[in-house]
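Heads up, the thing below is written out as structure tokens.
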Amino acid sequence: AMPDCVVCSKSRLPKQLHTFTSKARHREQWMTALTNDDSEKARLDITLRTAKARQFVCEDHFAEESFDITPNSRVLKVNAIPMSKRVSPTVIYRTPTPTVGNSPPPTPSPSASFHSSGSSSSSSSPVPPSGRCTDPSVLSLLLQAGDSH
Numbered sequence: 001a002m003p004d005c006v007v008c009s010k011s012r013l014p015k016q017l018h019t020f021t022s023k024a025r026h027r028e029q030w031m032t033a034l035t036n037d038d039s040e041k042a043r044l045d046i047t048l049r050t051a052k053a054r055q056f057v058c059e060d061h062f063a064e065e066s067f068d069i070t071p072n073s074r075v076l077k078v079n080a081i082p083m084s085k086r087v088s089p090t091v092i093y094r095t096p097t098p099t100v101g102n103s104p105p106p107t108p109s110p111s112a113s114f115h116s117s118g119s120s121s122s123s124s125s126p127v128p129p130s131g132r133c134t135d136p137s138v139l140s141l142l143l144q145a146g147d148s149h
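What follows is the structure, given as structure tokens:
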């Protein structure tokens, strides 16, 4: 069976899954960041302690700054801490924009936000039918600015 994210249960590609840290100090920080209260944290702790296999957190729970990004790879930094589960479901459950036609996906510039599908946003992208913004670069800026609502 394909592994799932312990936070949102996503397992579909092209999501990158990262092993839940086993280092005690980081493990505590990850659990605090990924839960809303002590009850959720206790349940996650039990899940992690009783799991027979490694547990994973998907890339959606990490900020772009948590990755070392090169033209050919995207590696989670050793000291990365996931973002809080309190982020909008639009961010957690964003879906990659399919590449149109047979052309290869564009190569992102160093200033562009990189998405695991290899696609980058463009200003001519149509608004998704849901009316929700799924552009990772816009969502990243919103997360950095904080939720003003």
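At position 28 of the sequence shown the residue is numbered 28 (full-length UniProt numbering), and the sequence of numbers has no breaks. Don't be surprised by glycine CBs; every beta carbon is placed ideally from N, CA and C. From a predicted model like this one, the values you see are computed outputs, not experimental measurements.
Under the 10 Å beta carbon count, residue 71 is surrounded by fewer than 16 other beta carbons and is classified as exposed. Shown here, residue 39 sits in a helix according to DSSP, grouped into three states. Ranked by how close their Cα comes to the Cα of residue 53, the residues 10, 14, 38, 19 have 19 in first place. Secondary structure within the UniProt domain "THAP-type" (2-85): the alpha helix (DSSP H) runs of 4 or more consecutive residues, fully enclosed, are 24-34, 38-50 (chain order). Annotation: residue 3 to residue 22 spans about 17 Å, alpha carbon to alpha carbon.
Rounded to the nearest angstrom, the gap between the Cα atoms of residue 8 and residue 31 is 14 Å.
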